[in-house]
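Data block below; observations after.
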Amino acid sequence: MTNLHDPGACTSPTILASTGTSQSCPNRLKEVFAGSRATIPMIVGAIPFGIIFGTLAEQSGLSSLGAIAMSVFVFAGSSQFIALGLLSAGTGPLIIIATTFIVNLRHLLYSAAIVDDVKHLPGPWRAVIAFGLTDESFAILADKIRKSDENWRLGSLQWFYLGSFLTMYGNWILCTVIGITLGELFPQMNSWGLDFAMSATFIGMVLPYLTTRPMLACVLVAGAMSLGTADLPHKLGLMVSAISAIAVGLSFHLASRRKKETARSKETDTAGMQTKEENK
Amino acid sequence: MTEILMIAGMAAVTFGIRYILLASAGHFSFPGWAKAGLNFVPPAVLTAIIFPAVLIPNSNAIEFNLENPALLAAVVAVITGLVRKDLLTTIIVGMLAFGLFKWLL
Chain A
1 MTNLHDPGAC
11 TSPTILASTG
21 TSQSCPNRLK
31 EVFAGSRATI
41 PMIVGAIPFG
51 IIFGTLAEQS
61 GLSSLGAIAM
71 SVFVFAGSSQ
81 FIALGLLSAG
91 TGPLIIIATT
101 FIVNLRHLLY
111 SAAIVDDVKH
121 LPGPWRAVIA
131 FGLTDESFAI
141 LADKIRKSDE
151 NWRLGSLQWF
161 YLGSFLTMYG
171 NWILCTVIGI
181 TLGELFPQMN
191 SWGLDFAMSA
201 TFIGMVLPYL
211 TTRPMLACVL
221 VAGAMSLGTA
231 DLPHKLGLMV
241 SAISAIAVGL
251 SFHLASRRKK
261 ETARSKETDT
271 AGMQTKEENK
Chain B
1 MTEILMIAGM
11 AAVTFGIRYI
21 LLASAGHFSF
31 PGWAKAGLNF
41 VPPAVLTAII
51 FPAVLIPNSN
61 AIEFNLENPA
71 LLAAVVAVIT
81 GLVRKDLLTT
91 IIVGMLAFGL
101 FKWLL
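The listed protein sequences derive, respectively, from chains A and B.
Sequential numbering from 1 applies to the first sequence in this note's numbering.
Sequential numbering from 1 applies to the second sequence in this note's numbering.
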């Protein structure tokens, strides 16, 4: 869509053609603000996270400029935190990049969930949506899609998302800068136990998953393996443990599903036999 | 230099993961088992980070004892999370508990 870079052109020909409705600039702006407003509750949770990231950067061995660049270009909170942890343990860039890959693989789920709702949009829009696809903006967008109609999806979705994304993004960069400044003003902050903030955050993020037996198995394997592999060089233990835990969790999941399926097919078999006998 | 390489690499893999399916605009999709497997990624990774951080705080030996403030605070955070089911509360209570235990011990 050329309009993305051309604020002068306000009605989108693709939308005109597909839905027969046109949209004016104020409406788009309204959607941008609506997206921004919907994201504010999420920001409350992201603010301490961003500030702590900024304060921890320096002492982990990441320059202030590097920390800002990471928030600007990577824009993925948990993997940025993990990168700090790996850096302070003296890990090299290749392992950090590989670990980032594993940690952010979950975003594939998000894009899989929304791909059908955004596939009508032109390439640059889809790239913008992909760049901003954090846990928070995904949650907001998925919720909004569920509550909206086809017209909204085809004409307004991208503007709403833009508002949500820019709010998250601006806040994340701002908080990183605030954190760096605080870290420089109060170098003794690292003795306040801020490093435990990451563990506390991750504990809070894992708990909601623990509702099924495969998940429980996955988490137990991840915990045990991570302690057992803690001495592996280059912090490879994290990747080894995560991959083993995913494999165990998935195996449990597939096995329990197969068991359910066989149980169900047995039920239908007996039901079928009964009807046959009744027919006699 | 290493820092630039690291950040560029992190940015590339993160954007790649978020973009690959949207770029194909629905022409490519994952088999069911792969989608199910992706569900296990966040808890697996996060747990593999939490355990060593809490139980091997000084990166030499496992400290499974009552003198480890990180372990005690983690227990408090788990209980808070299970009771309140709210991320922000879990983080704040966990951090306060850590500060308290560190000060006491």
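All residues carry an ideal CB built from backbone N, CA and C; glycine is no exception.
This one's a predicted model, so the numbers in the text were calculated from it and none came from an experiment.
Endpoints, alpha helix (DSSP H) assigned at residue i
i	result
ARG213/A	213-228
MET1/B	Looking at the DSSP string, MET1/B is not in any alpha helix (DSSP H), and its letter there is neither H nor E.
GLN59/A	25-60
LEU87/A	77-88
THR144/A	For the sequence presented, residue 144/A should be read as Lys rather than Thr. Start and end: 135-147.
TYR110/A	107-118
GLN158/A	157-185
GLY123/A	123-131
Beta-carbon proximity check, residue i vs residue j, cutoff 8 Å
i	j	result
ALA73/B	PHE40/B	no
GLU58/A	GLY204/A	no
THR47/B	VAL103/A	no
ASP116/A	LEU157/A	no
PRO11/B	VAL177/A	The question names Pro, yet the displayed sequence has Ala at residue 11/B. Not closer than 8 Å, so no.
ILE7/B	ALA69/A	yes
PHE186/A	MET95/B	no
PRO42/B	MET215/A	no
LEU281/A	SER60/A	An answer regarding residue 281/A cannot be provided, because it is not within the stretch 1 to 280 covered by chain A.
PHE131/A	GLU31/A	no
Three-way DSSP call (helix, strand, coil) for residue i in this model
i	result
TYR19/B	helix
VAL72/A	helix
ASN60/B	coil
ASN68/B	coil
HIS27/B	coil
ASN39/B	coil
THR21/A	At THR21/A, the pLDDT of 47 sits below 50, so the modelled position is not reliable and the matter cannot be decided from this model.
GLY92/A	coil
ASP195/A	helix
VAL93/B	helix
SER241/A	helix
LYS85/B	coil
SER251/A	helix
LEU100/B	helix
LEU65/A	helix
LEU210/A	coil
Exercise for the section: May I ask you to list, following chain order, the residues of the stretch 33-47 of chain B that have a beta carbon less than 8 Å from some beta carbon of chain A? Expected result: TRP33, LYS35, ALA36, GLY37, LEU38, ASN39, PHE40, VAL41, PRO42, PRO43, ALA44, VAL45, LEU46 and THR47
Exercise for the section: Check each residue of the stretch 210-227 of chain A: if its Cβ is closer than 9 Å to any Cβ of chain B, include it; give the result in chain order. Expected result: LEU210, PRO214, MET215, CYS218, VAL219, LEU220, VAL221, ALA222, GLY223, ALA224, MET225, SER226 and LEU227
Practice task
Could you run through the stretch 81-109 of chain A and flag, in chain order, every residue whose CB is less than 9 Å away from some CB of chain B?
Solution key: PHE81, ILE82, ALA83, GLY85, LEU87, ALA89, GLY92, PRO93, LEU94, ILE96, ILE97, ALA98, THR99, THR100, PHE101, ILE102, VAL103, ASN104, LEU105, ARG106, HIS107, LEU108 and LEU109
Handout entry: Interface positions of the stretch 232-253 of chain A facing chain C (Cβ-Cβ less than 7 Å), listed along the chain
Key = Structure shown: chain C not included; protein chains present are A and B.
Exercise for the section: Can you give me, in chain order, the residues of the stretch 158-173 of chain A that have a beta carbon less than 7 Å from any beta carbon in chain B? Expected result: none
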